[in-house]
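Shown next, in structure tokens, is the structure this report addresses.
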Amino acid sequence: MVANVAVLLVMVAISSSLFISKAVAVEATPTVIIVGAGMSGISAAKRLSDAGIKDILILEATDRIGGRIHKTNFAGLSVEMGANWVEGVNGKEVNPIWTMVNKLKLKTYYSDYENLTANTYKQAVPSTPIEMSIDYYKYDYEFAEPPRVTSLLNTEPLPTFSNFGEDLYFVADPRGYESVVHLVAQEFLQVDKSGVITDPRLKLNKAVIEIRHSRSGVIVKTEDGSVYRAGYVMVSASVGVLQTNLINFEPDLPTWKIMAIYQFDMGIYTKIFLKFPYKFWPSGNGTEFFLYAHEKRGYYTIWQQLEREYPGANALLVTVTDDESRRIEQQPDFETKAEVMQVLRDMFGKNIPEVTDILVPKWWSNRFYKGTFSNWPIGVTRYEIYFTGEHTSEHYNGYVHGAYLAGIDSADMLIKCVKGRMCKYDVMPKGT
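Residues -25 to -1, 1 to 407 in mature numbering (1 follows the signal peptide of the UniProt record, and there is no 0) are what the sequence shown lists, from first letter to last.
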């Protein structure tokens, strides 16, 4: 069934939410303000620029572009705090992100999960935790939330793998996975000889706190007191952010749009990096990933040794999600370190060395993200607002390629609205 939505003065989308307010008989400079410079915001801005709408202004809350694609230095290594894999490779269609990664010649490594069941360690408890750890690997590890809250519309089948291929490649390059966002940005923004963006249409450290929309245009206010006016505004913020009061909309969004925002889940996926003085875990073919079976679901379950990605670094990666991510973000890192060491001693014996360095990303605590990626929840069967951003992608929510493609789709809607005054759309249910 098609949901027919007439757009009169306002169209709103979430997570890189598309919020379009039509200006009537007013000279607006710029034409479009884009709030957020993550993959969706940058992708949408490029699409607008390619269509001739170059009078844009991008307001980014942080001091960088890339959003939830972000590298950092950890004990001398360049690691990814957020998105880390190109998921969906070697299939019948080519993942656009894989094309960019290859163009940049980023260092990537095939992730081999084939021998995972042989690499399972457990507590001295009944076999039930083993079954739970495998279930956790199959569902929570991919969607950041357990099966009980994840819609089958998001899992059966998973279009990312059925369309783009079953293979996953881990990005471990000093330039960072965020290089793909810079690649898109550099195709329409001015850069200097070193590749640094110098275009005045991109403004960093501009946290938007209010958007006013009316028949005379839109007004965007930022935390530092700046005020910007435009004909249209496209908001690029995560579902988690839109569920907070960071951005105030005046007048309030319609009730049905607010309800749609709160129906979505914002997952939390935490990759904890650990460095040791020497390795004590198995290495070589068939040993990259291993499971820890604990009586508590998701308790330091999924492990990855990073010998291929970072030779000689003696580094491990353990992934936690959902409630465990929230719990760990709220405790000091030294407590997390102690928990991790106890788990490793359960697996490899009491004489292993102490961890020397630990990195615990805290996406949920960050007010500009409030999580890592969306999970399509049970009970939501169709688009209820106009979207842009990874979670709004009909087929690829939760993925980098979903963010990129959703940005293009949202820009196309805005282009039709700006150029052709075609501001009414048929929104299809998910899965049709």
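Just so you know, even glycine gets a beta-carbon here, dropped at the ideal spot from N, CA and C.
Residues that residue i bridges to, as DSSP identifies them
i, result
"isoleucine 333", "Leu249"
"serine 53", "Asn48"
"asparagine 350", "Asp240"
"asparagine 289", "Bridge partners of asparagine 289: none, in fact."
"aspartate 142", "Val64"
For residue i, three-class secondary structure by DSSP
i, result
"tryptophan 339", "coil"
"isoleucine 383", "helix"
"alanine 20", "helix"
"tyrosine 116", "helix"
"glutamine 218", "coil"
"tryptophan 60", "strand"
"isoleucine 28", "coil"
"tyrosine 84", "strand"
"threonine 276", "coil"
"lysine 232", "helix"
Proximity below 7 Å, CB of residue i to CB of residue j
i, j, result
"phenylalanine 255", "isoleucine 327", "yes"
"isoleucine 44", "glutamate 120", "no"
"alanine 386", "arginine 22", "yes"
"leucine 164", "leucine 177", "yes"
"glycine 140", "valine 193", "no"
"asparagine 289", "phenylalanine 251", "yes"
"lysine 345", "glutamate 304", "no"
"valine 208", "valine 195", "yes"
"leucine 91", "phenylalanine 264", "yes"
"methionine 182", "glutamate 198", "With the sequence shown as reference, residue 182 is identified as alanine, and methionine is not the correct amino acid for it. Yes; because the gap between Cβ atoms is below 7 Å, this pair is in contact."
"serine 258", "glutamate 284", "no"
"valine 61", "phenylalanine 248", "no"
Alpha helix (DSSP H) segment containing residue i, residue limits
i, result
"histidine 157", "154 to 160"
"threonine 135", "134 to 139"
"lysine 196", "Unbroken run through lysine 196 is the beta strand (DSSP E), 192 to 197; no alpha helix (DSSP H)."
"serine 300", "297 to 304"
"asparagine 77", "71 to 79"
"phenylalanine 323", "308 to 323"
Same chain, Cβ closer than 8 Å to residue i, neighbours up to 5 away in sequence not counted
i, result
"threonine 296", "Asp115, Tyr116, Ala119, Glu120, Gly242, Ile243, Tyr244, Thr245 and Gly273"
Boundaries of the beta strand (DSSP E) in which residue i is found, first to last residue
i, result
"arginine 204", "202 to 205"
"residue 408", "One cannot answer for residue 408 here, as it falls past the ends of the chain, which runs -25 to 407."
"valine 265", "One detail in the question is off: residue 265 reads as phenylalanine in this sequence, not valine. Here the beta strand (DSSP E) through phenylalanine 265 covers 264 to 268."
Own chain partners of residue i with C-beta closer than 7 Å, once the 5 adjacent residues on each side are dropped
i, result
"serine 349", "Ser(-11), Val214, Phe239, Asp240, Met241, Gly242, Glu365, His366, Asn372 and Gly373"
"valine 375", "Met14, Ile44, Ala58 and Ile72"
"methionine 322", "Tyr96 and Tyr267"
"glutamate 162", "Lys21"
"proline 104", "Lys97, Gln98, Ala268, His269 and Glu270"
"asparagine 223", "Ile184 and Glu185"
Neighbourhood of residue i by C-beta, 6 Å cutoff - its chain only, sequence neighbours within 5 removed
i, result
"glycine 41", "Glu153 and Val156"
"proline 5", "Asp30, Ile31, Leu32 and Ala205"
"aspartate 87", "Glu263"
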